[in-house]
Amino acid sequence: DGAEQRCQYDEFGRLSVQQGPDVSISITYDAASRIHQQRTQSNDGSRDMTVTLGYDSLGRPARRETATRTPTRQSLEVQTQQWRKDGKLAQRELTRDGVLVRSESFDYDLRGRMITHRLAGPSLPEDAHGKTYHEQH
7 DGAEQRCQYD EFGRLSVQQG PDVSISITYD AASRIHQQRT QSNDGSRDMT
57 VTLGYDSLGR PARRETATRT PTRQSLEVQT QQWRKDGKLA QRELTRDGVL
107 VRSESFDYDL RGRMITHRLA GPSLPEDAHG KTYHEQH
């Protein structure tokens, strides 16, 4: 659309700031050069969203916090993930403002194929027919 974007980079050549006509994005990194935090803010300052990422000892995503602020509301969404020793996802949990939204667990067969996906919580996904489900095989 021809809108001007301005970018700034840190001393390692990584994108640290991107400014556009409506929003500015700032990014920070951890010691392993993974994104630690990304903040998106409206240029008028009325709205912002900050995503903070955490990783386990093997570098896999373990925690994602998303804080949002608008003129009328603030919220915090947290997703945590736990991994098995073989690298497969074992559990995932999502909370919004401290209240559980959904908890998931995953089981696999001996060949590493997912065989069961269990879900619990007040906000469950829907199938193609609009029916919520608690478990898939």
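Under the numbering used here, the first residue of the sequence shown carries the number 7, and numbering increases by one thereafter.
Each residue gets a CB set at the ideal place from its N, CA and C atoms; glycine is no exception.
Spatial distance of residue i from residue j (CA atoms)
i    : j    : result
L64  : Q97  : 16 angstroms
G19  : G60  : 22 angstroms
H123 : W89  : 14 angstroms
N157 : D36  : Residue 157 is absent from the structure shown; the chain starts at 7 and stops at 143.
G93  : E10  : 42 angstroms
D133 : P77  : 35 angstroms
Q142 : I121 : 8 angstroms
A38  : R75  : 29 angstroms
F112 : R119 : 10 angstroms
T72  : G104 : 12 angstroms
R117 : E110 : 21 angstroms
E17  : R40  : 15 angstroms
P131 : L106 : 14 angstroms
Y114 : R69  : 22 angstroms
Three-state class that DSSP yields for residue i in the structure shown
i    : result
Q25  : strand
G60  : strand
D16  : coil
E71  : strand
D115 : coil
T78  : coil
D133 : coil
D54  : strand
H123 : strand
E10  : coil
Rounded distance between the beta-carbons of residue j and residue i, thought under 8 angstroms
i    : j    : result
I33  : Q47  : Not a contact, Cβ separation roughly 12 angstroms.
R108 : G127 : 4 angstroms
L125 : H135 : Not quite, the Cβ-Cβ distance comes to about 17 angstroms (not below 8 angstroms), so this is no contact.
Beta-carbon proximity check, residue i vs residue j, cutoff 8 angstroms
i   : j    : result
Q85 : L100 : yes
V29 : C13  : no
H42 : T56  : no
Any C-beta of chain B under 8 angstroms from that of residue i
i   : result
P67 : Looking at the structure shown, chain B is missing, and only one protein chain is on hand.
Which runs of the beta strand (DSSP E) at least 3 residues long sit entirely within the region 25 to 52? Give them in chain order.
Runs found: 29 to 35, 41 to 48.
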